[in-house]
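>
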Amino acid sequence: MYFIQPTRTIPNLDEVLNTLPSLQMIRIEDIELYDSTIIAIADVNDFLHYQWSLPTIVIGRENEGTELSQAWEMGALAGWIWTRLPANPEHSLLKIDAQYKRNQDSRDLPSAAELQKKLLPNPIELQNYKVETLFKPSAYLSGDWYDYWKISDKEIIFYLADVSGHGVTSSLLTSWMAAFHGRSKTPRELLKKLNGMLVQENIEKHITMLAGILNLETHELKWSSAGHYPPAIIFEPNQPPRVLNTSSFPLGLTEELEIEEHVTTLNRHARFIICSDGALEPFEGGLNEQFSQLVYHLQNQSFQAPEHVADDIAILSIRRIN
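Going by UniProt numbering, the residue at position 94 of the sequence shown is 94; the numbering climbs one at a time, nothing skipped.
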């Protein structure tokens, strides 16, 4: 903590400072030399006059209630009276410091959310295909994630993942996946690599994921699932939806994870769609009823995410355009 030397005379100032022995005294003219995140204690009149940006606890005289209120409106963390300091100032300072840091974390969430969105893959031009996506976090940060990239002129690999739980920890794992999946060459390799890293690091989270590789010329699609629900769906004109059911464990639960690889072909104008389980939330009923409604709206291209969602929603669609 830092005490900004007041520009006016304060009776018994030395006695006040003796109650706060851990404070470092600084001068107003030196403020620019200090980290803007430090917490300072200062006379309320100095704070109002100089209007510095340091988070500050202001101290005023008993007749300066108006000044203390003005300082609070300008962002002061707390207001004390020179002659009536808290009984345990050090303890009070620690509480104010902790609350300030918690508030800073909350203020940082919108910026963190924007950064997370920037980590999503950029639109990509593909021969014969179009990639379409939807990404809607339930709060600022999302535990759902998708990615795709070319591994050759004629092949693209992709995945959609859903991290268990919500909040910062889950969202950090999505960034971890984006950084460390190692540009794997096959769905099985991708799932095995991520599972091994999760188990090795003993992270108390599991991840469901569906990954695939598409040949843009032959239209052959190879895909693997690690406990992901809802299953992938293929929509084709004038055909009933094809639900690609599978059974497996999520990533991060066991080192001996068995990964099956499945193969199918995308016909002209087919749409291959993967969703996170948050896409079921807008619909009523049990799991089967929710899934049936989701399939109906995806088939008719009428799915709309609510303005406020209880769970993160991510959808990745790969559509053959000719």
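We treat Cβ as the ideally placed atom computed from N, Cα and C, and that holds for glycine.
Quantities reported herein were computed from a predicted structural model and do not represent experimental measurements.
#1: Name the two residues that bound the continuous beta strand (DSSP E) containing G227.
#2: Alpha carbon to alpha carbon, how far is T133 from P241? Give it in angstroms, no decimals.
#3: Which of the three DSSP states is assigned to N63 in this structure?
#4: The alpha helix (DSSP H) with Q5 in it runs from where to where?
#5: How long is the line joining the alpha carbons of Y159 and Q99, rounded to whole angstroms?
#6: Please state the DSSP three-state secondary structure of N45.
#7: Would P237 be called buried (16 or more neighbouring beta carbons within 10 Å of its own) or exposed?
#8: Taking buried to mean at least 16 other C-beta atoms within 10 Å of its own C-beta, is residue 348 buried or exposed?
#9: Return the chain-ordered list of same chain residues with a C-beta closer than 7 Å to the C-beta of W52, the five sequence neighbours on each side being excluded.
#10: Within 8 Å, do at least three Cβ pairs link the region 249-264 to the region 282-293?
#11: Report the CB separation of S164 from H206 in whole angstroms; it is logged as a contact under 8 Å.
#12: Can you tell me where the alpha helix (DSSP H) with E201 in it begins and where it stops?
#13: Contact between the region 275-287 and the region 308-316 is defined here as three or more beta-carbon pairs at a separation below 8 Å; is this criterion met?
#14: For Y129, does the three-state DSSP call read helix, strand or coil?
#15: In chain order, what residues of the same chain have a beta carbon less than 6 Å from the beta carbon of T246, not counting five sequence neighbours either side?
#16: Helix or strand or just coil, what does DSSP make of P276?
#17: Please confirm whether T186 and L221 have their CB atoms less than 8 Å apart.
#18: In whole angstroms, give me the CA-to-CA distance for K136 and I274.
#19: To the nearest angstrom, how far is the alpha carbon of I96 from that of S138?
#20: May I have the straight-line CA-CA distance separating E15 from M1, to the nearest angstrom?
#21: Applying the 10 Å Cβ sphere with the 16-neighbour rule, what's the burial state of A232?
#22: Could you tell me whether the Cβ atoms of L26 and D43 are closer together than 8 Å?
#23: Counting C-beta neighbours from all protein chains within 10 Å, is the total for L268 16 or more, i.e. buried, or is it exposed?
To lay it out plainly:
#1: Segment: none, G227 is in no beta strand (DSSP E) and carries neither H nor E.
#2: 19 Å
#3: coil
#4: Note, Q5: premise wrong, no alpha helix (DSSP H); not H, not E.
#5: 39 Å
#6: helix
#7: exposed
#8: Only positions 1 to 322 of the chain appear in this structure, which leaves residue 348 out of reach.
#9: I31
#10: no
#11: 5 Å
#12: P187 to E201
#13: yes
#14: strand
#15: S225
#16: Just to set this straight, residue 276 is Ser in the shown sequence, not Pro. The answer is coil: DSSP assigns S276 none of H, G, I, E or B.
#17: no
#18: 15 Å
#19: 30 Å
#20: 17 Å
#21: buried
#22: Sequence check: residue 26 is Ile here, not Leu. No, the Cβ-Cβ distance between I26 and D43 is not below 8 Å.
#23: Note that residue 268 corresponds to Arg in the displayed sequence, not to Leu. Exposed, because fewer than 16 other Cβ atoms sit within 10 Å of the Cβ of R268.
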